[in-house]
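The opening residue of the sequence shown carries number 2 in our numbering; numbering runs sequentially from there.
Every residue gets a Cβ at the ideal spot worked out from N, C-alpha and C, and that includes glycine.
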Amino acid sequence: MKLWVDDLRPAPDDSWVWSKTSRNTIDTLMFAGIGEITEMSLDHDLGGDDTTRPVVLWMCEHELRWPAKVVVHSANPVGREWLEGMIYRYKPQYPPVTCVCGKTVPEQEAVWGFCSEECLPEDMP
Ligand SMILES: [Zn+2]
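This is the structure we're talking about:
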């Protein structure tokens, strides 16, 4: 699942789930399974006093809840700098996986330690 967090701009396409408030975004992260949200794109200002900062702070306290890929699409330079700084400092980095075929892929793209389903042994479920 991909999560698009923005109060005004709609998600680029319907592969994204659109979340408009920090509260709803945290609830979505909380109720999704570990690793279920694979990607998140963040605006900064969400209208009124709301921003995506509480979302990032919440993920800092719940390390396993960080999606593998987190990007910022906010046009607010100060907000953007804060979000990107926090993501850079606190998002867990998983080591890349080297497959039996010799190919190295990012952890989030690996399938049970293999580079793709094509390298999975026949007897794997
Ligand atoms: Zn392979």
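Per the Cβ contact rule, the segment 76 to 83 is not in contact with the segment 103 to 111 (fewer than 3 Cβ pairs under 8 Å). Secondary structure note for Met-41: its beta strand (DSSP E) is the uninterrupted segment 40 to 43. For Val-101, the secondary structure class from DSSP, reduced to helix, strand or coil, is coil. Taking all protein chains in view, the Cβ of Pro-11 is surrounded by fewer than 16 other Cβ atoms within 10 Å, so the residue is classified as exposed.
Here Leu-58 is not bridged, per DSSP, to any residue. Ile-35 is classed as exposed because its beta carbon has fewer than 16 other beta carbons within 10 Å across all chains shown. Looking only at Glu-62, Gly-49 and Trp-67, the smallest Cα-Cα distance to Met-41 is reached by Trp-67.
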